[in-house]
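Residue numbers (the numbering used here): 23 to 457. Backbone N, C-alpha and C define an ideal beta-carbon position, used for all residues, glycine too. I have placed the structure first, in the form of structure tokens, so that the comments after it can refer back to it.
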Ligand code: GUN
Ligand code: ZN
């Protein structure tokens with residue numbers, strides 16, 4: 023029977039968000055998760071719940087017994103640079119010297135397809151090792167860097183989004199586009215080649231306003247309007263020197279965010295990294311347009327850029343999800359990012375002595391991140407219909423975690439200890455597309 027060969031059951035503790043739009047976690051201590059592969063080759067979750075309630079109907083299925091471990095949604099990273107894998111941990115005075123001294127020279131190397139391929143392979147394996155199953159990642163200003171990345175993602179059957187970086191000024195030789203027209207032509211060709219192949223998605227990727235001419239940004243905006251289901255990704259309002267520079271380069275725009283609005287780049291499925299120094303009008307405009315913020319706390323601490331204001335993001339209904347921003351960010355680990363988000367949120371939420379809950383930061387890196395990407399019900403959760411990308415956690419992975427787990431009095435306490443103490447050692451297994 024088709025169902026017996028294409029379906030699989032897993033017995034474990036289960037953690038997920040029954041309502042994708044809420045950070046309320048459901049925890050099933052003894053649960054059953056069932057996956058079924060569709061005719062499109064994608065494995066999806068078909069049942070989830072209490073083992074005793076579901077067991078009889080699924081007793082005929084091959085079943086993996088992971089009792090003692092937790093199955094949870096794969097993490098979703100809303101902003102990362104695969105080509106900055108070798109930049110991580112490069113200290114600098116701030117964003118602009120860090121870009122010039124370390125980042126641009128490394129990215130120049132991605133004109134070489136063999137280099138791009140080997141870094142893409144390492145990067146994807148490293149993401150998976152850390153439990154990240156979907157990411158929105160920058161490639162570099164070379165089409166071959168996108169081809170290399172998507173080839174490697176496809177070989178692993180991953181749901182990944184990426185795009186060729188657009189930068190036609192204020193960039194070094196080897197990384198500067200020869201013309202806006204050529205870069206846009208290549209972008210269109212890459213959309214046709216990759217968007218919707220398997221579980222891959224394309225993102226139109228102007229680096230940030232200072233490194234694009236007005237013609238390039240306008241052209242990117244036109245592509246963004248022509249391809250509504252393609253993503254847009256860029257950076258905004260990260261650093262004081264950067265913001266001053268944008269004001270000089272684009273004196274007619276209302277704000278830094280206003281430059282992107284003026285160029286037609288603010289829309290649903292657009293992801294703006296950082297969003298640290300926005301004003302009320304900027305936040306309202308993003309919410310109105312359905313744009314999202316990628317919150318990068320380890321990067322913002324490392325480069326001394328500032329603090330994301332979680333309170334204002336929430337009150338202005340600005341969608342946001344967590345991101346590592348490697349290589350400005352200091353870790354591939356979602357646990358390190360969630361911990362840093364908690365620390366940073368003390369500056370806004372935590373003025374009254376507390377910060378974000380463990381549930382909330384976990385949601386911001388799974389179902390909430392998917393929501394920010396417009397992928398609700400597709401990834402970052404375990405509701406029926408979601409794709410079968412999930413992780414298996416060991417709450418006793420280290421001596422200290424085992425000791426702390428034994429004394430946790432509630433799920434919230436347990437999750438909080440994982441957020442603070444966790445890293446790749448917690449990830450026992452990663453299941454991608456049901457495998
Ligand atoms: N702004 C423009 N490019 C970059 C980048 O690569 N990293 C970060 N953090 N900010 C940027
Ligand atoms: Zn970035």
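- When the alpha-carbon of residue 455 is set against those of 404, 73, 77, the nearest one is in 404.
- Residue 422 is classed as exposed because its beta carbon has fewer than 16 other beta carbons within 10 Å across all chains shown.
- Between residue 171 and residue 85, the alpha-carbon positions lie close to 34 angstroms from each other.
- In the DSSP assignment, residue 207 falls within the alpha helix (DSSP H) that extends over 202 to 216.
- Rounded to whole angstroms, the separation of the alpha carbons of residue 75 and residue 256 is 46 angstroms.
- Within 10 angstroms of the beta-carbon of residue 409 lie 16 or more other beta-carbons, which makes it buried.
- In summary, residue 352 is buried, with 16 or more beta-carbon neighbours lying within 10 Å of its beta-carbon over all protein chains present.
- Excluding residues up to 5 positions away in sequence, 414 lie with their Cβ nearer than 6 angstroms to the Cβ of residue 451 in the same chain.
- Annotation for residue 363: the continuous alpha helix (DSSP H) segment containing it runs 356 to 367.
- For residue 295, the closest alpha carbon among the candidates 275, 193, 320, 33 is that of 320.
- Between the region 180 to 187 and the region 212 to 226, the count of Cβ pairs shorter than 8 angstroms is three or higher; the stretches touch.
- A residue is listed when its beta-carbon falls short of 6 angstroms from at least one non-hydrogen atom of the ligand GUN; in chain order these are 103, 117, 121, 125, 229, 230, 257, 260, 321, 347, 350.
- Nearest C-alpha to residue 381 among 38, 29, 80: 38.
- In the DSSP assignment, residue 392 falls within the unbroken alpha helix (DSSP H) covering 389 to 395.
- The criterion of a C-beta distance shorter than 8 angstroms is not satisfied by residue 191 and residue 156.
- Excluding five sequence positions before and after residue 385, the CB atoms of its chain that fall closer than 7 angstroms to its own CB belong to 39, 45, given in chain order.
- In this structure, the beta-carbon distance from residue 377 to residue 368 falls below 8 angstroms.
- Per DSSP, reduced to three states, the secondary structure at residue 99 is strand.
- The alpha-carbon separation between residue 112 and residue 28 amounts to approximately 46 angstroms.
- Beta-bridge analysis with DSSP links residue 183 to 158, 223.
- Comparing alpha carbon positions, the residue from 365, 348, 173, 167 closest to residue 330 is 365.
- The Cβ-Cβ distance between residue 247 and residue 286 falls below 8 angstroms.
- Following the DSSP letters along the chain, one finds residue 382 in no beta strand (DSSP E) but inside the alpha helix (DSSP H) bounded by residues 380 to 386.
- Annotation for residue 71: the continuous beta strand (DSSP E) segment containing it runs 65 to 72.
- Per DSSP, residue 168 lies in no beta strand (DSSP E) segment; the continuous alpha helix (DSSP H) that holds it begins and ends at 165 to 177.
- Contact check for residue 163 and residue 189: beta-carbon distance about 5 angstroms, within the 8 angstroms limit, so the pair qualifies.
- Ranked by Cα distance from residue 66, the options 264, 400, 446, 429 are led by 400.
- Straight-line spacing of the CA atoms in residue 387 and residue 195 works out to 36 angstroms.
- DSSP assignment within the region 263 to 288 yields the following whole alpha helix (DSSP H) runs of 4 residues or more, N-terminal first: 278 to 284.
- For residue 52, the three-state secondary structure derived from DSSP is strand.
- In the DSSP assignment, residue 151 falls within the unbroken alpha helix (DSSP H) covering 135 to 151.
- Following the DSSP letters along the chain, one finds residue 60 in no beta strand (DSSP E), marked with neither H nor E.
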